[in-house]
Each structure stands twice: as structure tokens, then as C-alpha cells.
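Notes follow once the structure below has been shown.
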Amino acid sequence: MLQSRLDKAQSLHPHIVTQLDPLPEPQANCFFDVIYELPASVFVDPNQLSNLPSFERHWVFGETDLEVPLEHVKETRGSVVIVRQKPTDIEHELDLPIHLRYQRPSDNDSFRDIKISAPRVGWTCPLQQRQQHPDDHDNVINISNNLPPIPEVAMIPSHRMDPTLYEFHPLESNETILKLQVPVGNTQDANMVQWGTALCVLACTSWIGWSVWRSIQKRRRYEAKGKRRKSE
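Following UniProt numbering, the numbering of the sequence shown begins with 1 at its first residue and continues without gaps.
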């Protein structure tokens, strides 16, 4: 049975953990794919995924800017992550690290809900069997259009998927919705934050000015003592 859950859900860097059951013998010329559709409120770090053994083969499409807050993202649909796994006869977990974007401040709420669809898991298979060398399964991944053809996920470029050559066979229907809560700033605190920031800047500037003045006075006294000693 396919199950997904959130780990470290209370942090700004939660994980989507998917339990994968042992798989039967892989179908000829098919690929085992896990597809994540992420809202714009969360994102993955492609560099981080590249350093994880479970994500040796993966693609990220859509919004990948790691710094911008939610209100400034260019791709409002979010992002899609495709992970191509090697079939195994043992049960294992796939752990996708995600990160939350800073949200627009709210007038009333301290938290905002984020809903994430559980990943789709299944086989991407050719519509017609093609002649292929038995040892060439790993090399076929270099074909440019063999990603799972899911037309409704428009963020996958059309040149990377071809519904006339491949089709996606989900293992089972998984309509689970994973829910997160992200803290948001309160607009009613804006004046207090602005005044507090201004006072901190003023205090720091005053302290720097006082320190400079004190240093100058100390230097003048030292020079005055030196002149008196020379005159004696």
C-alpha cells in the first residue's frame, strides 16, 4: 500500500516521506517514477537533491528560485519534481526535503495552511515496444522525451514528454492531501516593528558617535600630557 506523510511538519524545512512497497519485476523498457506536484508556497533545492543518493535521477520544473517570498514568485503554479527510481524487491522510503517560502503578512492570522498533494507513483512505459539491447535500460534515460506524459501538469515542457510514445500507469490512486502550517507576520505589528527598528538604529548610531568622541578626547589628553613633559 502506498503511503505518504510529512516529517518535521512544524519546521520551515519539512520532509515528504513516501513508503514504497516491494515492486514486481520491472516491465520491459518501463521506468518507475515518483511525481511531486508542489504549490508555490514550498520549494525544493535542486542542489540539495543532487547530493542525495535516492535522487540520483531527478528533474525539477517550475519555480526554483530559493530566495524570493511567495508574493514575488514568477511561477505561481509552483513546481514539479520527478524522481526516477530503480525498482527494488524490498520495502523502502523516499524522503523529499522541502522548504517553506515566507508568506505575505496577514491582518488576523498567525499561521497559514498549505496543502500538498501526495506524490503520484507508477510506471512510465512506451506505447509500443521498441527494439533495445538488454543492457541498455539505463541509457534510454537519455532520450529527451521519456518523462511521464501528464498533460494536466503543464510545467513539464512538451518536448520532454510525448503522449504518443509513452504513457503513465499509476500503481494506485492516492488522493491524500498533506497539510502544513506556516507562520506569517501580523500587519498590526508593522508600526511597532518600524519604531523598534528606528530606535535600535538611533541607539546604535548614538553609541558609535559617543565611542568616537570618547576616543578623540582620550587621544587629546594623551597628546596634551606629552607636550607638558617636553616643556619640562
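Quick reminder that beta carbons are idealized off the backbone N, C-alpha and C, glycines included. Owing to the predicted nature of the structure, the values given are computational and were not obtained by experimental measurement.
| task | Spatial neighbours of His92 within its chain, please: CB distance less than 6 Å, with the 5 preceding and 5 following residues excluded, ordered by chain position. | result | Excluding the 5 residues flanking it on each side, His92 has same chain C-beta neighbours closer than 6 Å at Leu20, in chain order.
| query | With respect to the alpha helix (DSSP H) encompassing Leu23, which residues constitute its N-terminal and C-terminal limits? | reply | No alpha helix (DSSP H) contains Leu23, which DSSP labels as neither H nor E.
| I think His43 touches Thr64, with their Cβ atoms under 8 Å apart; what is that distance to the nearest whole Å? | This sequence places Phe at residue 43; His is not what is there. Between Thr64 and Phe43 the Cβ distance is about 7 Å, and since that is below 8 Å, they are a contact.
| field | Asp33 classed as buried or exposed, judged by whether at least 16 other C-beta atoms fall within 10 angstroms | value | Burial state of Asp33 is buried, judged by a 10 Å Cβ sphere holding 16 or more other Cβ atoms.
| Among Pro149, Ile90, Leu127, which has the Cα closest to the Cα of Val80? | Ranking the options by Cα distance to Val80, first place goes to Pro149.
| said: Between Ile156 and Leu147, how many whole angstroms is the CB-CB distance? I'm expecting something under 8 Å. | reply: Separation of the CB atoms of Ile156 and Leu147 is rounded to 6 Å, and the pair is thereby assigned contact status at 8 Å.
| For the alpha helix (DSSP H) that Pro46 lies in, which residues bound it at each end? | In this chain, the alpha helix (DSSP H) harbouring Pro46 covers 46-50.
| Pro53, DSSP secondary structure in three states | Looking at Pro53 - three-state DSSP - the assignment turns out to be helix.
| field | Backbone CA spacing between Val73 and Arg57 [nearest angstrom] | value | In this structure, the alpha-carbon of Val73 lies about 26 Å from that of Arg57.
| Helix, strand or coil at His92 according to DSSP, with G and I counted as helix | Per DSSP, reduced to three states, the secondary structure at His92 is strand.
| Through-space distance from Leu180 to Glu67, alpha-carbon basis | Going from the Cα of Glu67 to the Cα of Leu180 covers about 20 Å.
| task | Return helix, strand or coil for Tyr102, following the three-state DSSP convention. | result | The three-state secondary structure of Tyr102, taken from DSSP, is coil.
| field | Counterpart residues of Thr64 in DSSP-defined beta bridges | value | Paired residue(s): none; Thr64 is not in a bridge.
| Between the C-alpha atoms of His169 and Thr176, what's the straight-line distance to the nearest angstrom? | Those two C-alpha atoms are separated by around 18 Å.
| CB-CB under 7 Å to Leu171, same chain, minus the five flanking residues each way: which ones, in chain order? | Cβ within range, chain order: Leu2, Val121, Gly122.
| In three-state DSSP terms, what is Thr205? | Per DSSP, reduced to three states, the secondary structure at Thr205 is helical.
| query | Pick from Arg104, Leu100, His159, Pro87: whose alpha carbon is nearest that of Ala28? | reply | That would be Pro87, whose Cα lies nearest to the Cα of Ala28.
| task | List the endpoints of the continuous beta strand (DSSP E) containing Cys125. | result | Boundaries of the beta strand (DSSP E) around Cys125: 120-126.
| message | Please classify Glu37 as buried or exposed, where buried requires at least 16 other C-beta atoms within 10 Å of its C-beta. | response | Counting Cβ neighbours within 10 Å, Glu37 comes out buried, since at least 16 surround it.
| task | For Gln10, count neighbouring C-beta atoms within 10 Å of its own C-beta (all shown protein chains included) and say buried if the count is 16 or more, exposed if not. | result | In the assembly as shown, Gln10 is an exposed residue. Its beta-carbon has fewer than 16 other beta-carbons within 10 Å.
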